[in-house]
Amino acid sequence: MTSRTIDGPLPPLRLPDPRDDGTGGLRGYLAAVHGQPVLEEDEERRLAEAWTRDGDLDAAHRLVAAHLRLVPKVARQFRGHGMPIADLISEGNIGLLQSLRRYDPDKGFRFATYARWWIRAAILNHLLQDWSLVKIGTGTGNKRLFFNLAKVTRQMGLQPDRLSDQDIRALADRLEVQPADIVRMTQRLAGGDLSLDYQTTDAEDGRMGSLLDSLADDRPTPEAALAERQESVWRRDRVREALDVLDERERTILARRYLTKRPHTLQALAGLYGVTAERIRQIETKAIRKLREAVHRGGTAAAAVRARRAGRALPVPAAG
1 MTSRTIDGPL PPLRLPDPRD DGTGGLRGYL AAVHGQPVLE EDEERRLAEA
51 WTRDGDLDAA HRLVAAHLRL VPKVARQFRG HGMPIADLIS EGNIGLLQSL
101 RRYDPDKGFR FATYARWWIR AAILNHLLQD WSLVKIGTGT GNKRLFFNLA
151 KVTRQMGLQP DRLSDQDIRA LADRLEVQPA DIVRMTQRLA GGDLSLDYQT
201 TDAEDGRMGS LLDSLADDRP TPEAALAERQ ESVWRRDRVR EALDVLDERE
251 RTILARRYLT KRPHTLQALA GLYGVTAERI RQIETKAIRK LREAVHRGGT
301 AAAAVRARRA GRALPVPAAG
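Per full-length UniProt numbering, the sequence shown starts with residue 1, numbered consecutively.
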């Protein structure tokens, strides 16, 4: 069964607002979302297919409601960046809706995995847009410091506005930066005087770029990560199948020549098997050729199977 992602407007879902004191504020919000039922995998799959295939709004409501609890968990990772937690949660809810619109259950991962990425992206985007940063720098170390300083400060039980020299040195050691970097970043986080369009030079490669560019989440999307995992599994399976075409001596020679920390020489293997070094070289060459041919046959067969599957997969017309 082929699903589709929804390219139109988001469904008219009404989400609880953690900033609304009339509904109990943050405390009421957390109680409400944690009261939502957790979906079993089969039920989640059924709801996701009903939404992506048929545009079933009731299924969309149930799918989102069951995953609202994810948002506070992700939002807590961004505490200490000058934004109320209720605001972070509200922005994370927008990311949750974005994930609903783009989710495809046929990709092979659970909705929570996909939604978490979009929730984080929405919160990060709002955080960056709201901040008026002066300069953090675009190097990897500066990005890590910006996002980890508040978290590590909490983990160590320290007060960010009451750091002693000893605290600063301890933070610097933990984050692998200089004490002066801790002082500067603490002042900037407290002062809130940054500009996202400020052009900075990357300390690592010398390229110019804006702060917004430097802080973008460059991790692979869930789709890309899944594709990479599937490709890795496919390659491993093809190599395992190819090894079956070798006899025990051929496998041993290749393993000792290429798969050990200290590869054996032709002369060493010749002594082990009681033959000449030239004979070992011939066996190695033949084994490599057999492996290459087996891998090629496996790849061709797999491509044919994928092509046949693609030919059978019929597009599902859009609902409505």
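Ideal Cβ positions, reconstructed from N, Cα and C, are used throughout, including at glycine.
Segment limits, alpha helix (DSSP H) that includes Asp54: In the sequence shown, the residue the question calls residue 54 occupies position 54. Per DSSP, Asp54 belongs to the alpha helix (DSSP H) from 41-54.
Within a Cβ cutoff of 7 Å, which residues of the same chain sit near Ala122, ignoring the five residues on either side of it in sequence? As a working mapping, residue 122 is identified with position 122 in the sequence shown. Once the five neighbours on either side are set aside, the close Cβ partners of Ala122 are Glu91, Gly92, Ile94, Gly95, Gln98.
Going by C-alpha distance, which of Gln155, Ala172, Thr260, Glu278 is nearest Gln267? Within the sequence shown, numbered from 1, the residue matching residue 267 stands at position 267. For the residues Gln155, Ala172, Thr260, Glu278, the minimum Cα distance to Gln267 belongs to Glu278.
With a threshold of 16 other CB atoms inside 10 Å of the CB of Asp217, please say whether the residue is buried or exposed. Taking the sequence shown and counting its residues from 1, the one referred to as residue 217 is at position 217. Low per-residue confidence applies at Asp217: pLDDT is 45, beneath 50, and the placement is therefore not dependable, though the value from the model is reported in the following sentence. So Asp217 counts as exposed.
Contact belief for Leu68 with Glu44 at Cβ below 8 Å, rounded distance in angstroms: The sequence position of residue 68 within the sequence shown is 68, counting from 1. The sequence position of residue 44 within the sequence shown is 44, counting from 1. With a Cβ gap of about 14 Å, Leu68 and Glu44 do not count as contacting.
Here's a check: name, in chain order, each residue in its chain whose Cβ is nearer than 6 Å to the Cβ of Thr153, leaving out the five neighbours to either side. Taking the sequence shown and counting its residues from 1, one reaches residue 153 at position 153. Closer than 6 Å at Cβ, skipping near neighbours: Pro160.
Could you name the residues of the same chain whose beta carbon sits closer than 6 Å to that of Trp51, not counting the 5 residues immediately before and after it, in chain order? By 1-based counting over the sequence shown, the position of residue 51 is 51. Closer than 6 Å at the Cβ level, and outside the excluded window around Trp51, lie Ala59, Ala60.
Which one of Arg249, Arg102, Ala255 has the shortest CA to CA distance from Tyr273? Position 273 of the sequence shown holds residue 273. For Tyr273, the nearest C-alpha among the options comes from Arg249.
Smallest Cα separation from Arg53: which of Arg102, Ile283, Asp247? Residue 53 sits at position 53 when you count from the first residue of the sequence shown. Checked all of Arg102, Ile283, Asp247; the closest Cα to Arg53 is Arg102.
Taking contact to mean at least 3 C-beta pairs separated by less than 8 Å, is the region 243-263 in contact with the region 279-295? yes
Is the distance from the Cβ of Ile119 to the Cβ of Val183 below 8 Å? To locate residue 119, count along the sequence shown from 1; it is residue 119. To locate residue 183, count along the sequence shown from 1; it is residue 183. No, the Cβ-Cβ distance between Ile119 and Val183 is not below 8 Å.
For Asn148, which of Arg169, Phe109, Glu176, Asn125 has the nearest alpha-carbon? Translated into the one-based positions of the sequence shown, residue 148 becomes position 148. Among Arg169, Phe109, Glu176, Asn125, the Cα nearest to that of Asn148 belongs to Glu176.
Straight-line CA distance for Leu171 to Phe78? To locate residue 171, count along the sequence shown from 1; it is residue 171. To locate residue 78, count along the sequence shown from 1; it is residue 78. Those two C-alpha atoms are separated by around 18 Å.
Where Gln36 sits in the DSSP three-state scheme: Your numbering for residue 36 matches position 36 in the sequence shown. Coil at Gln36, not helix or strand.
Would you kindly work out how many angstroms separate the C-alpha atoms of Asp173 and Arg251, rounded to a whole number? For the purposes of this step, residue 173 is identified with residue 173 of the sequence shown, where counting begins at 1. For the purposes of this step, residue 251 is identified with residue 251 of the sequence shown, where counting begins at 1. Using only the alpha carbons, I get a separation of about 48 Å.
If you draw a straight line from the alpha carbon of Asp193 to that of Met185, how long is it in whole angstroms? Along the sequence shown, read from residue 1 onward, the residue named residue 193 stands at position 193. Along the sequence shown, read from residue 1 onward, the residue named residue 185 stands at position 185. Its pLDDT being 40, under 50, Asp193 is placed unreliably by the model, and the measurement read from it follows with that caveat. When rounded, the distance between both Cα atoms is 11 Å.
Among Gly28, Ala48, Tyr29, which residue has its Cα nearest to the Cα of Gly108? Position 108 of the sequence shown holds residue 108. When only C-alpha atoms are compared, the closest one is Ala48.
Consult DSSP for Thr271 and reduce its assignment to one of helix, strand or coil. If you number the sequence shown from 1, residue 271 lands on position 271. Looking at the sequence provided, one finds Gly at residue 271 rather than Thr. In this structure, Gly271 counts as helix in the three-state DSSP scheme.
Extent of the continuous alpha helix (DSSP H) to which His67 belongs: Counting from 1 along the sequence shown, the entry for residue 67 is found at position 67. Start and end: 57-67.
For Met83, tell me which candidate among Gly25, Asp165, Trp117, His126 has the shortest Cα-Cα distance. For this step, residue 83 is matched to residue 83 along the sequence shown. Of the listed residues, the one whose Cα sits closest to Met83 is His126.
Span of the alpha helix (DSSP H), counted from its first residue to its last, around Arg174: By one-based count along the sequence shown, residue 174 stands at place 174. Per DSSP, Arg174 belongs to the alpha helix (DSSP H) from 165-175.
Going straight from the alpha carbon of Val275 to that of Lys286, what length do you get? Residue mapping note: residue 275 aligns to position 275 of the sequence shown, counting from 1. Residue mapping note: residue 286 aligns to position 286 of the sequence shown, counting from 1. The alpha-carbon atoms of Val275 and Lys286 are separated by roughly 16 Å.
Would you tell me roughly how many angstroms separate the C-alpha atoms of Arg262 and Ala294, rounded to the nearest one? Your numbering for residue 262 matches position 262 in the sequence shown. Your numbering for residue 294 matches position 294 in the sequence shown. C-alpha separation (whole angstroms): 27 Å.
Quick one: measure Cβ to Cβ for Ala86 and Leu26, integer angstroms, because I've assumed they're closer than 8 Å. The residue labelled residue 86 in the question sits at position 86 within the sequence shown. The residue labelled residue 26 in the question sits at position 26 within the sequence shown. Correct: roughly 5 Å between the Cβ atoms.
With a 10 Å radius around its C-beta and 16 neighbouring C-beta atoms as the bar for buried, classify Val33 as buried or exposed. Start at 1 with the first residue of the sequence shown, and residue 33 comes out as number 33. Looking at its Cβ environment, which holds 16 or more other Cβ atoms inside 10 Å, Val33 is buried.
Would you mind sorting Ala115 into buried or exposed? The rule is 16 or more other CB atoms within 10 Å of its CB. Walking along the sequence shown from the start, residue 115 turns up at place 115. Ala115 should be labelled buried.
Looking only at its chain, what residues have a beta carbon closer than 6 Å to the beta carbon of Asp167, apart from the 5 residues adjacent to it on each side? As a working mapping, residue 167 is identified with position 167 in the sequence shown. Taken in chain order, the residues that qualify are Leu158.
Considering Cα atoms alone, identify which of Ala65, Gly35, Pro105 is closest to Asp42. Here residue 42 refers to the residue found at position 42 of the sequence shown. Looking at the Cα atoms, Pro105 is the closest of the given residues.
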